[in-house]
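Notes follow once the structure below has been shown.
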Amino acid sequence: MPEAAASKPAYFMVQVTTDNLEQLSTRYAHAAIASLTKFGGEMIAGTPAPTVLEGAWEGSWAALLRFPSLGAAQRWYDSSDYQPLKKLRISELTQSGQILLVEGL
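For the sequence shown, the numbering used here begins at 403 and goes up steadily by one.
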């Protein structure tokens, strides 16, 4: 019997603008990281000052999250654990941002 194909990892690429990184960290990031681990996710990089090689940086925080699959990533993003954190991030802690979900190779 053929071996089942392994799932490809998935990555959230995050860029947000906030006036208060400390509040973003204490009120959102710690709880968000704890919630994503339940879905096999991990934060693999995060910085307020990424090295810009091309284009313009228009944020105050960048992060990279890894999940074992697109399905796991989407389940976390849609989960009841994450929804109040997402609402907090959007309504109180950030002025703008982009969050992209991409499948790894």
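Glycine included, each C-beta is placed from N, C-alpha and C at the ideal position.
Nothing here was measured: the structure is a model prediction, and the numbers come from that model.
Would you list the residues sitting across from residue i in a DSSP beta bridge?
i       : result
Thr-496 : BP columns for Thr-496 are empty, so no partner.
Leu-466 : Met-415 and Ala-447
Helix, strand or coil for residue i? Go by DSSP, reduced to three states.
i       : result
Thr-428 : helix
Leu-503 : strand
Trp-478 : helix
Leu-455 : coil
Gln-417 : strand
Ser-471 : coil
Lys-440 : coil
Lys-488 : helix
Ala-408 : coil
With a cut-off of 8 Å on the beta carbons, I'd call residue i and residue j a contact; round off their distance for me.
i       : j       : result
Ile-446 : Arg-468 : 5 Å
Pro-452 : Trp-459 : 6 Å
Gln-417 : Gly-461 : 4 Å
Phe-414 : Ile-501 : 6 Å
Less than 8 Å separating the beta-carbons of residue i and residue j?
i       : j       : result
Asp-483 : Ser-437 : yes
Thr-496 : Thr-428 : no
Val-504 : Ala-431 : no
Ala-474 : Gly-443 : yes
Ala-433 : Leu-466 : no
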